Amino acid sequence: MFQSLQPLPPDPILGLSAAYRADENPKKVDLGVGVYKDANGKTAVMRAVKHAEEFLVNSQETKAYVGPTGAAGYNDIIATMVLGESLKQSLGGRRVTVQTPGGCGGLRLAAEFIVKANADATVWVSDPTWANHVPLLGSAGLKIEQYPYYDYDTHSVRFDEMLSCLQQV
Numbered sequence: 111m112f113q114s115l116q117p118l119p120p121d122p123i124l125g126l127s128a129a130y131r132a133d134e135n136p137k138k139v140d141l142g143v144g145v146y147k148d149a150n151g152k153t154a155v156m157r158a159v160k161h162a163e164e165f166l167v168n169s170q171e172t173k174a175y176v177g178p179t180g181a182a183g184y185n186d187i188i189a190t191m192v193l194g195e196s197l198k199q200s201l202g203g204r205r206v207t208v209q210t211p212g213g214c215g216g217l218r219l220a221a222e223f224i225v226k227a228n229a230d231a232t233v234w235v236s237d238p239t240w241a242n243h244v245p246l247l248g249s250a251g252l253k254i255e256q257y258p259y260y261d262y263d264t265h266s267v268r269f270d271e272m273l274s275c276l277q278q279v
């Protein structure tokens, strides 16, 4: 059943995390995945998150299914944060907010939505991007193009090249 599946190439960012764990230098700093860790290597949990979790545990009265778009109240608050109340109201029923199980789940859902709306759609992703983004978008049926983003030699954003490319899209 799995004979035709090929493994994805190793993710270079996750490879940095493995190299970090193997490095015995006590002054090392993990900048790989973009997650802050304290001096003991623990990922901090913000007080606001702990309070929110405690609030949910103490106030949640059901574990009932919330529907395919997620928790309506949460989605409404997120829409207000992203769009502002005025734009959210003016868009009315033309606006949809969907809660997803993480960034990759949201990306895949968006890809499938785009293909459903326009089977010939092309999406543009940065070069570089996360190793799983191109296969994830491509397997949904999207055509993929890349625009220049980061220059490893100068450790800087290729801003002029990026704008030039995106202006031609």
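Under our numbering, the first residue of the sequence shown carries the number 111, and numbering increases by one thereafter.
Even for Gly, the Cβ is constructed at its ideal location relative to N, Cα and C.
Quantities reported herein were computed from a predicted structural model and do not represent experimental measurements.
- Message: At the level of alpha carbons, what is the spacing between Leu219 and Asn242?
- Response: Put simply, the backbone Cα of Leu219 is about 14 Å away from that of Asn242.
- Query: Start and end of the alpha helix (DSSP H) containing Glu171?
  - Reply: No alpha helix (DSSP H) holds Glu171; DSSP gives it neither H nor E.
- Can you list, in chain order, the residues of its chain whose CB lies under 8 Å from that of Val206, leaving out five sequence neighbours each side? Thr179
- To which residues of the same chain is Glu255 closer than 7 Å at the C-beta, ignoring the five residues directly before and after it? Thr232 and Trp234
- Query: Does the distance from the CB of Tyr130 to the CB of Asp140 come in under 7 Å?
  - Reply: yes
- Query: The beta strand (DSSP E) with Glu195 in it runs from where to where?
  - Reply: Where Glu195 is concerned, there is no enclosing beta strand (DSSP E), although the alpha helix (DSSP H) it sits in stretches over Glu195 to Leu201.
- Compute the Euclidean distance between the alpha carbons of Cys275 and Ala181, then round it to the nearest angstrom. 38 Å
- Between which two residues does the alpha helix (DSSP H) harbouring Ser274 extend? Phe269 to Gln277
- Message: So, with DSSP's three-state summary, where would you put Tyr259?
- Response: coil
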